[in-house]
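Novice:
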Amino acid sequence: MINYKRFSLENGLRVLVHEDKSTPLIAMNLLYNVGSRDEDPAMTGLAHLFEHLMFGGSMNVPDYDTPLQLVGGENNAFTNNDITNYYLTVPSENIETGFWLESDRMLELDFSQKNLDTQRNVVIEEFNQRYLNQPYGDALLKLRPLAYKVHPYRWPTIGMDMAHIRNTNLEQVKGFFFSHYAPNNAILSLTGNIGYELALKLTQKWFGPIEKRAVQSRNLPAEPEQTEDRILTIERDVPSTALYKAWHIGPRNRKDFYTLDLVTDLLAGGESGRLYTKLVREKKLFSEINAYLTSDIDPGLIIVQGKLMKGVDIQNADESVNEVISGLLSKNGIKDEMEKVKNKFESTTVFSNTSILNKAANLSFFELLGDPGLINNEVEAYRNVSYDMVIEAIKRYFVPSNCNTLNYISTREEK
Amino acid sequence: MMNNLQRIQPPVFPVEKVSIPEAKSFGLNNGVPVYLIEAGTEDIMRLEFVFRAGQIKEYKPLLASTCNMMLTEGSQNYSPEELNRLLDYYGIFLNLSIEKDCSGIILFFLNKHIEKVLELSREILFRPVFPEAELNSLMKKRLRWYMVNREKVQNLAVDQFFESLFGKIHPYGYQIREQDFENMTPSLLSDFHSKYYTPENMAVIISGKIHYKTTEFLNSYLGNIGSRENDDEDPVRLLKSEKLKKVHINKPGTVQTAIRIGSATINKRHSDYPGLKILDSILGGYFGSRLMKNIREEKGYTYGISSSISSLDLTGYKIISAEVGQKNCQKAIDEIYREIKILQDVAVKKEEMAVVRNYMSGEMVRMFDGPFALAESFRSAWEFGLDSSYYYRLAEKIKTIDPDEIIELARTYYNINDLYEITVGSE
Numbered sequence: 022m023i024n025y026k027r028f029s030l031e032n033g034l035r036v037l038v039h040e041d042k043s044t045p046l047i048a049m050n051l052l053y054n055v056g057s058r059d060e061d062p063a064m065t066g067l068a069h070l071f072e073h074l075m076f077g078g079s080m081n082v083p084d085y086d087t088p089l090q091l092v093g094g095e096n097n098a099f100t101n102n103d104i105t106n107y108y109l110t111v112p113s114e115n116i117e118t119g120f121w122l123e124s125d126r127m128l129e130l131d132f133s134q135k136n137l138d139t140q141r142n143v144v145i146e147e148f149n150q151r152y153l154n155q156p157y158g159d160a161l162l163k164l165r166p167l168a169y170k171v172h173p174y175r176w177p178t179i180g181m182d183m184a185h186i187r188n189t190n191l192e193q194v195k196g197f198f199f200s201h202y203a204p205n206n207a208i209l210s211l212t213g214n215i216g217y218e219l220a221l222k223l224t225q226k227w228f229g230p231i232e233k234r235a236v237q238s239r240n241l242p243a244e245p246e247q248t249e250d251r252i253l254t255i256e257r258d259v260p261s262t263a264l265y266k267a268w269h270i271g272p273r274n275r276k277d278f279y280t281l282d283l284v285t286d287l288l289a290g291g292e293s294g295r296l297y298t299k300l301v302r303e304k305k306l307f308s309e310i311n312a313y314l315t316s317d318i319d320p321g322l323i324i325v326q327g328k329l330m331k332g333v334d335i336q337n338a339d340e341s342v343n344e345v346i347s348g349l350l351s352k353n354g355i356k357d358e359m360e361k362v363k364n365k366f367e368s369t370t371v372f373s374n375t376s377i378l379n380k381a382a383n384l385s386f387f388e389l390l391g392d393p394g395l396i397n398n399e400v401e402a403y404r405n406v407s408y409d410m411v412i413e414a415i416k417r418y419f420v421p422s423n424c425n426t427l428n429y430i431s432t433r434e435e436k
Numbered sequence: 022m023m024n025n026l027q028r029i030q031p032p033v034f035p036v037e038k039v040s041i042p043e044a045k046s047f048g049l050n051n052g053v054p055v056y057l058i059e060a061g062t063e064d065i066m067r068l069e070f071v072f073r074a075g076q077i078k079e080y081k082p083l084l085a086s087t088c089n090m091m092l093t094e095g096s097q098n099y100s101p102e103e104l105n106r107l108l109d110y111y112g113i114f115l116n117l118s119i120e121k122d123c124s125g126i127i128l129f130f131l132n133k134h135i136e137k138v139l140e141l142s143r144e145i146l147f148r149p150v151f152p153e154a155e156l157n158s159l160m161k162k163r164l165r166w167y168m169v170n171r172e173k174v175q176n177l178a179v180d181q182f183f184e185s186l187f188g189k190i191h192p193y194g195y196q197i198r199e200q201d202f203e204n205m206t207p208s209l210l211s212d213f214h215s216k217y218y219t220p221e222n223m224a225v226i227i228s229g230k231i232h233y234k235t236t237e238f239l240n241s242y243l244g245n246i247g248s249r250e251n252d253d254e255d256p257v258r259l260l261k262s263e264k265l266k267k268v269h270i271n272k273p274g275t276v277q278t279a280i281r282i283g284s285a286t287i288n289k290r291h292s293d294y295p296g297l298k299i300l301d302s303i304l305g306g307y308f309g310s311r312l313m314k315n316i317r318e319e320k321g322y323t324y325g326i327s328s329s330i331s332s333l334d335l336t337g338y339k340i341i342s343a344e345v346g347q348k349n350c351q352k353a354i355d356e357i358y359r360e361i362k363i364l365q366d367v368a369v370k371k372e373e374m375a376v377v378r379n380y381m382s383g384e385m386v387r388m389f390d391g392p393f394a395l396a397e398s399f400r401s402a403w404e405f406g407l408d409s410s411y412y413y414r415l416a417e418k419i420k421t422i423d424p425d426e427i428i429e430l431a432r433t434y435y436n437i438n439d440l441y442e443i444t445v446g447s448e
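Sequences listed follow chains A and B, in order. Under this note's numbering, residues 22 to 436 are what the first sequence spells out, in order. Under this note's numbering, residues 22 to 448 are what the second sequence spells out, in order.
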């Protein structure tokens, strides 16, 4: 049981505090409710580029990192489709420096041309390193626009075209800041060696004076229902052919999220998952295979991806994946497997919540979803999934007309 | 209200002295050393079995890692499917661990399953059967993974780096070739296993909220494991650097070049090591390091650049790593050497010393925060016959090292003519 307290400031900042005296550290997590889904389609990648700029100094702090290092702290951040999340850990006696730094960059960034120029290059190198210079690195860049035709999830967080990054100017960056970075669009979590009183006092002191801002309202185009299966075949100079399949699911807050999470665990939760057992171990069609949910807030995807063994026909591999999925509709042995993945989920949750950073990130994210209590209730929600619910979800989502397939063909194998 | 608040850095408090809970040690009935580290608030444990059975012991490439990976592929009492199913059923996380010197397994579990964990551990560690069909299929899979890995410039660079530093004959250095995936047999594995996965070669490191019956259970499941008589000598191979200091591997079609620069150096047992660790931090060991500030934050040549130093049983090494766009590759390399030169010639200023001292002190707090971090820190000293006094020496050095000593260390250990420079990318 993770005990937490919650309060909010007049300027709209929401705050969650969880005290854990067993650690000498405090974790601070500041979530901004802005991600790549909030970008202009003509200027994608801005949310993530912005995350980089957030380290380049703010109104009263020329450089974010050095003062934090000076107090023994460490930090990082990530951006995804939905959120931009900043986090740090620091020995508890120096937590106030964390407040000073985070509040100052919420107040106003130092929008410097030099910083923008450098970070544009860094992001382009990041794109090259992660997506271009890796075998299969571009697969998800191809899969997204196959699955999404309208919704902003069709482009990746790093941006759909590096020209967008190259062309970003300072005015756009400023505009982005003032329409998304605001106390009333952020959630602060503090976990570890900090009590409620101190958290309240320091939050009021440092974040209290920041004015509420007019946050750009979110009005995203809904993805129309897919009506027929989509297949894209591309050829690449890679050692083995790979298969990617994606089915649309509902939003994160829909009740069947945990059912689908459980389905992916039945399929690929560890080496005893069905896909591994049947297709890697028994049939030897794949060298590796995985299944997961994208866990997006708006309607997301369930993705199965695997690399084929030498000489395996991709049609055959694809059909075998479908067979494993429909195999879940047969009751045989399922009860034990359901119990197995539920135990594993519980264990995973307990282990994840031993880290103050995880706890802080989870509290912020669950607050954004509307219920921080999920940090304690997820295991129960997952345990409550019945086999009937599994069957219903499989029949609802795993249908060909809802499926997107990317055949990533190795040109080397054909020779 | 806004005008009243002075937005300047709040007082900086020195990071409290690091406190390290000592491990309790005792021996099982068969003499296996056990180390218990009590920590944490949840009823969970981390259990590590470590054997002196790393790559250094293998007389054929891939033998040590294959033996380790085959441990969960079937035992006297369980099929591979059954083993994996049981591990998942009890919510146990099992990590295989294979390194240059040691190998073993690490398990994470809820305390209530401790008996099951020990029963399965005994099967996995001491009763594996190495079935031929599973072995053949593992080698085929590994070959596929290898082919994918060899597409990545960073892997090609690291493999070449170790070969250049430690030679083509020694297991620290040799690179894996396609043909190494052939001719692996169950009998090779069981020979290796019976020779090195033995009580004489192992230790058990346990951390968490330790179950009150841990000692009793350990003895009943593992205390009577014996070992076979074995007079075979370990293979002796030459550890010798290659002559050629600069190696470029052409990998057409890549958009970035992987750079690895470094050389063999002292390891943790040497009294200069704590100082070298601090020097390494200043150069490239954290986000505020000189390499990061100059090459990423100032010039934008790379997404990330870092340096690190690592210890091996017979030696140690330092390595600087980055992936850089082709057109900036030479510029980045020049800057790396320039930064090393500056460390040899110019005293580090007080302000920077304060930042690195405090950052590293904070890092030490993180290294001993919670049962998992504690066990890892314990293990990485224990492996070299060291204990918490090593960390206290490091903590002391962080507080007391002066700029002259840094210059001295940079001159002694970063002789530019000794450094190897590996680049992999398209020409």
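All C-beta atoms in this analysis are idealised placements derived from N, C-alpha and C, irrespective of residue type, glycine included. Bear in mind the structure is a predicted one, so any value in this text is a computation, not a measurement.
Could you name each continuous beta strand (DSSP E) segment of 3 residues or more that falls completely within the segment 250-309 of chain A, going from the start of the chain to the end?
Specialist: Counting only runs of 3 or more, we get 251-257 and 263-269.
Novice: Rounded C-beta distance between A:T212 and B:G391? I'm assuming under 8 Å.
Specialist: Incorrect: roughly 13 Å between the Cβ atoms, too far for contact.
Novice: Compare the C-beta of B:M23 against all C-beta atoms of chain A and say whether one is closer than 8 Å.
Specialist: Because the pLDDT of B:M23 is 49, which lies under 50, any placement of that residue in the model is unreliable, and the number read from its coordinates should be weighed accordingly. It does: the Cβ of B:M23 has a partner Cβ on chain A nearer than 8 Å.
Novice: The alpha helix (DSSP H) with A:L29 in it runs from where to where?
Specialist: The displayed chain sequence assigns Ser, not Leu, to residue 29 of chain A. It is not in any alpha helix (DSSP H) - A:S29 instead sits in the beta strand (DSSP E) that spans K26 to S29.
Novice: Does the beta carbon of A:F372 sit closer than 8 Å to a beta carbon anywhere in chain B?
Specialist: Closer than 8 Å: yes.
Novice: Determine the extent of the beta strand (DSSP E) in which B:T286 is found, giving its start and end residues.
Specialist: Residues Q277 to T286.
Novice: Tell me the rounded alpha-carbon separation between B:E140 and B:S96.
Specialist: Approximately 12 Å, taken between the alpha carbons.
Novice: Provide the residue span of the alpha helix (DSSP H) that contains B:C350, from first to last.
Specialist: Where B:C350 is concerned, the enclosing alpha helix (DSSP H) stretches over C350 to D366.
Novice: Counting only runs of 4+ residues fully inside the segment 393-422 of chain B, write out the alpha helix (DSSP H) ranges in chain order.
Specialist: Runs of the alpha helix (DSSP H) inside the segment 393-422 of chain B: 409-421.
Novice: Go ahead and label B:L26 buried or exposed: buried means 16 or more other beta carbons lie within 10 angstroms of its beta carbon, across all protein chains shown.
Specialist: It counts as exposed.
Novice: Counting only the same chain and skipping the five closest in sequence on each side, list residues whose C-beta sits under 7 Å from that of A:F76.
Specialist: Excluding sequence neighbours, A:F76 sits near Y85 and D86.
Novice: Would the beta-carbon of B:I330 fall within 8 Å of that of B:A343?
Specialist: No, the pair does not count as a contact, with Cβ atoms beyond the cut-off.
Novice: Which term fits B:D253, buried or exposed, when burial requires 16 or more other beta carbons within 10 angstroms of its beta carbon?
Specialist: The residue in question, B:D253, is exposed, as its Cβ has fewer than 16 Cβ neighbours within 10 Å.
Novice: Relative to the C-alpha of B:L156, which residue among B:L259, B:K370, B:M205 and B:M223 is closest?
Specialist: Comparing Cα positions, the closest option is B:M205.
Novice: What are the residues that DSSP puts in a beta bridge with A:T212?
Specialist: For A:T212, which the question treats as bridged, DSSP gives the partners A:H39 and A:A48.
Novice: Given a limit of 9 Å on CB to CB distance, which residues of the segment 405-426 of chain A reach chain B?
Specialist: Cβ contacts with chain B: none found.
Novice: What does a CB cutoff of less than 6 Å around A:L109 pick up in its chain, not counting 5 residues either side in sequence?
Specialist: Cβ neighbours of A:L109 beyond the five flanking positions: M49, G94, N96 and G119.
Novice: In angstroms, rounded to a whole number, what distance separates the CA positions of A:L153 and A:T426?
Specialist: Roughly 21 Å between the two C-alpha positions.
Novice: Entirely within the segment 316-395 of chain A and at least 3 residues each: give me those beta strand (DSSP E) ranges in chain order.
Specialist: Entirely contained in the segment 316-395 of chain A, the beta strand (DSSP E) runs reaching 3 residues are, in chain order, 322-329.
Novice: Measuring straight from C-alpha to C-alpha, what distance separates B:I282 and B:S382?
Specialist: Cα-Cα distance, rounded: 27 Å.
Novice: List, from N- to C-terminal side, the beta strand (DSSP E) runs of 3 residues or more that fit wholly inside the segment 298-342 of chain B.
Specialist: Here the runs fully enclosed are 323-332.
Novice: A:T432 by DSSP, collapsed to three states: which one?
Specialist: Note: A:T432 maps to helix in three-state DSSP.
Novice: Mind checking A:V420: buried by the 16 CB within 10 Å criterion, or exposed?
Specialist: With fewer than 16 Cβ atoms within 10 Å of its Cβ, A:V420 is classed as exposed.
Novice: What did DSSP end up calling B:M22 once you bin it into helix, strand or coil?
Specialist: Annotation note: pLDDT 46 at B:M22 (below 50); position unreliable, coordinate value reported separately. Coil, per DSSP.
Novice: Taking the alpha-carbon positions, what's the A:R187 to A:R141 distance?
Specialist: The alpha-carbon atoms of A:R187 and A:R141 are separated by roughly 6 Å.
Novice: Does the beta-carbon of B:F47 have 16 or more other beta-carbons within 10 angstroms, so that it is buried, or is it exposed?
Specialist: By the neighbour-count rule (16 or more Cβ atoms within 10 Å), B:F47 is not buried but exposed.
Novice: Kindly indicate which three-state DSSP category A:G180 falls into: helix, strand or coil?
Specialist: Coil at A:G180, not helix or strand.
Novice: Under a three-way DSSP split, which group does B:C88 fall into?
Specialist: Helix at B:C88.
Novice: Going along chain B in order, which residues have a C-beta closer than 8 Å to the C-beta of A:L46?
Specialist: What A:L46 touches in chain B: V386, R387 and D390.
Novice: Based on DSSP bridge pairs, tell me the residues matched to B:E237.
Specialist: Bridge partners of B:E237: none, in fact.
Novice: If I measure Cβ to Cβ from B:T286 and keep anything under 8 Å in the same chain, skipping five residues before and after, which residues do I get?
Specialist: Counting only Cβ-Cβ distances below 8 Å, and skipping sequence neighbours, we find L297, I330, T336, G337, Y338, K339 and Y434.
Novice: Could you say which of A:L91, A:E40, A:F307 and A:R58 lies nearest to A:M181 if we only look at CA atoms?
Specialist: For the residues A:L91, A:E40, A:F307 and A:R58, the minimum Cα distance to A:M181 belongs to A:R58.
Novice: According to DSSP, what are the bridge partners of B:M160?
Specialist: In DSSP, B:M160 forms no bridge with anything.
Novice: Would you list the residues sitting across from A:A168 in a DSSP beta bridge?
Specialist: Beta-bridge pairing links A:A168 to no other residue.
Novice: Which same chain residues end up closer than 6 Å to B:L415 when comparing Cβ atoms and leaving out the 5 residues on each side of it in sequence?
Specialist: So the list reads P295, once near-sequence residues are dropped.
Novice: Count the CB pairs spanning the segment 358-370 of chain A and the segment 287-295 of chain A that are closer than 8 Å, and state whether there are at least three.
Specialist: Result yes; three or more Cβ-Cβ pairs closer than 8 Å.
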